[in-house]
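Student: In this text, residue positions in the sequence shown follow the UniProt record's numbering: the first is 1, and each later residue adds one. From the three backbone atoms N, C-alpha and C, an ideal C-beta is built for every residue, glycine too. From a predicted model like this one, the values you see are computed outputs, not experimental measurements.
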Amino acid sequence: MEIEIITRLSALAHENRLALFRLLVRRYPDAVPAGEIADALGFKPNTTSTYLSILRNAGLIVQTRMGTSLNYQASLQGLQGMFDTLLSDCCQNRPDVCQTQPPLPALDRPFNVLFVCTGNSARSILAEALLNTEGGGRFRAFSAGVAPADAPHQDAISTLVARGYDTKHLHSKDLSAFSHTDAQQMDLVITVCNRAANSEALPLPGHPLRAHWGVIDPLHPDSPTTMRDAFETLKLRIQTFTWLPFDRLDRQSLQNRLDEIGHLAPT
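1) Select from Pro33, Gly214 and Gln185 the residue whose C-alpha is nearest the C-alpha of Arg65.
2) Any idea which residues DSSP pairs Phe142 with across the strands?
3) Is it buried or exposed, Asn256, if we count other Cβ atoms within 10 angstroms and call 16 or more buried?
4) With a Cβ-Cβ cutoff of 8 Å, do Phe139 and Val192 count as a contact?
5) DSSP state of Gln63, grouped into three classes?
6) Figure out for me which residue from Asn57, Gly35, Leu60 and Asp222 has the closest Cα to the Cα of Thr48.
7) If you pair each beta-carbon of the segment 120 to 134 with each one of the segment 161 to 178, do three or more pairs fall below 8 Å?
8) So what does DSSP say about Leu202, is it helix, strand or coil?
9) Taking C-beta to C-beta, are Leu170 and Ile125 nearer than 8 Å?
10) May I ask you to list the residues that DSSP assigns as paired with Ala74?
11) So is His212 buried or exposed if we call it buried at 16+ other beta carbons inside 10 Å?
12) With a Cβ-Cβ cutoff of 8 Å, do Leu76 and Ala11 count as a contact?
13) Over what stretch of residues does the alpha helix (DSSP H) that includes Arg251 continue unbroken?
14) Take the Cβ of Pro218 as the centre, count every other Cβ of all protein chains shown within 10 Å, and call the residue buried at 16 or more, exposed below.
15) Tell me which residues share the same chain as Ser158 and place their Cβ nearer than 7 Å to its Cβ, disregarding the 5 neighbours each side in the sequence.
16) Going by the CB atoms, is the gap between Ala122 and Met227 shorter than 8 Å?
17) Taking the beta strand (DSSP E) that Thr191 falls in, what are its first and last residues?
18) Specify, as a first and last residue, the run of the alpha helix (DSSP H) that Arg109 falls within.
19) Expressed to the nearest angstrom, what Euclidean distance is found between the alpha-carbon atoms of Leu258 and Ser199?
20) Given Lys173, which residues of its chain have a CB within under 8 Å of its CB, disregarding the five upstream and five downstream residues?
21) Specify the secondary structure class of Leu209 as computed by DSSP and reduced to three states.
22) Taking Cβ positions only, does Ala144 come closer than 8 Å to chain C?
23) Cutting at 6 Å between CB atoms, please list the residues of its own chain near Leu202, excluding the five before and the five after it.
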């Protein structure tokens with residue numbers, strides 16, 4: 001047990017390996033190709049391979065193969081095992097050391113959800129409009145970008161207008177607007193593009209839940225998907241989200257359902 005936890009702590013006791021592991025946690029439950037990891041973090045391929053090997057040998061990540069591509073996913077079981085040993089054994093389950101998770105918000109107020117993408121011009125804009133309509137007043141949706149555009153893309157606005165969604169209050173904004181202590185507190189933050197999830201997570205007040213629902217960029221010149229495809233994918237996921245029995249879910253159960261929803265796609 002002691003050797004195992006020392007191995008895991010040692011694997012994370014390196015700035016670049018920690019950055020790599022944190023990226024995979026943000027992308028969970030995605031399994032991310034090694035090349036994408038290297039590109040996102042600016043590491044050389046051989047260096048990335050070494051880091052991945054160390055984290056894998058420590059039981060902190062798992063490797064899967066898809067065709068010729070090796071993909072990597074955070075091992076939440078390995079991470080939980082490390083924390084369990086630290087908190088229950090080393091720290092003796094002291095309440096002044098073991099921080100308990102805050103409960104889900106009371107059902108007597110709307111559930112605040114922030115959708116994040118890179119430019120806050122298309123996917124997160126679609127998601128904000130969708131949830132504010134499909135949620136029937138039980139949710140308040142917001143959106144932001146890690147590198148926001150000047151305004152929402154006209155194709156996104158046109159897609160929403162054509163389907164009867166309100167777009168009057170939609171505008172592109174920086175994620176930092178939600179990081180101030182006096183900012184609107186979020187209950188849940190969902191990244192809807194891989195690039196935003198790859199970025200270092202900005203601390204937000206209130207310890208919100210986080211999930212990743214990656215959607216292919218419909219604005220990329222080589223994109224195999226359209227704005228309509230992105231809309232339909234997000235609509236399916238958001239409708240499924242609004243149907244969840246929130247009154248019977250704890251934080252862990254909700255997190256598990258959010259991870260599952262992130263893989264839903266129209267047939």
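Tutor: Inspection of the coordinates gives the following:
1) On the sequence shown, position 65 is the one that residue 65 refers to. Among Pro33, Gly214 and Gln185, the Cα nearest to that of Arg65 is on Pro33.
2) Walking along the sequence shown from the start, residue 142 turns up at place 142. Answer by DSSP bridge pairing, in chain order: Leu114.
3) The residue labelled residue 256 in the question sits at position 256 within the sequence shown. Answer is exposed; the Cβ neighbour count stays below 16.
4) What you label residue 139 is simply residue 139 of the sequence shown in a count that begins at 1. What you label residue 192 is simply residue 192 of the sequence shown in a count that begins at 1. No, the pair does not count as a contact, with Cβ atoms beyond the cut-off.
5) What you label residue 63 is simply residue 63 of the sequence shown in a count that begins at 1. Gln63: strand per DSSP, three-state reduction.
6) Along the sequence shown, read from residue 1 onward, the residue named residue 48 stands at position 48. For the residues Asn57, Gly35, Leu60 and Asp222, the minimum Cα distance to Thr48 belongs to Gly35.
7) yes
8) Taking the sequence shown and counting its residues from 1, the one referred to as residue 202 is at position 202. DSSP places Leu202 in coil when its eight states are reduced to three.
9) Numbered from 1 along the sequence shown, position 170 holds the residue referred to as residue 170. Numbered from 1 along the sequence shown, position 125 holds the residue referred to as residue 125. It is a contact, given that the beta carbons lie within the stated cut-off.
10) Within the sequence shown, numbered from 1, the residue matching residue 74 stands at position 74. Its beta-bridge partners are Ile61.
11) By 1-based counting over the sequence shown, the position of residue 212 is 212. Per the 10 Å Cβ criterion, buried.
12) In the sequence shown, the residue the question calls residue 76 occupies position 76. In the sequence shown, the residue the question calls residue 11 occupies position 11. No, the Cβ-Cβ distance between Leu76 and Ala11 is not below 8 Å.
13) Counting from one through the sequence shown, the residue named residue 251 turns up at place 251. Unbroken alpha helix (DSSP H) run through Arg251: Arg251 to Ile261.
14) For the purposes of this step, residue 218 is identified with residue 218 of the sequence shown, where counting begins at 1. Pro218 is buried by the Cβ-count criterion.
15) As a first step, residue 158 is located in the sequence shown; it is residue number 158 there, counting from the start. Closer than 7 Å at the Cβ level, and outside the excluded window around Ser158, lies no residue.
16) Here residue 227 corresponds to residue number 227 of the sequence shown, with the count starting at 1. Here residue 122 corresponds to residue number 122 of the sequence shown, with the count starting at 1. Yes, these two residues count as a Cβ contact at 8 Å.
17) Looking up residue 191 in the sequence shown gives position 191. Residues Leu188 to Thr191.
18) For the purposes of this step, residue 109 is taken as the residue at position 109 of the sequence shown. Per DSSP, Arg109 belongs to no alpha helix (DSSP H) and is neither H nor E.
19) Here residue 258 refers to the residue found at position 258 of the sequence shown. Here residue 199 refers to the residue found at position 199 of the sequence shown. Taking the straight line from one Cα to the other gives about 20 Å.
20) Along the sequence shown, read from residue 1 onward, the residue named residue 173 stands at position 173. Closer than 8 Å at the Cβ level, and outside the excluded window around Lys173, lie Asn120, Ser143, Ala144, Gly145 and Pro148.
21) Looking up residue 209 in the sequence shown gives position 209. Three-state result, Leu209: strand.
22) Protein chains in the displayed structure number just one, and chain C is not present.
23) Translated into the one-based positions of the sequence shown, residue 202 becomes position 202. If we look at Leu202 and ignore the five residues flanking it on each side, its Cβ neighbours are Leu175 and Ser179.
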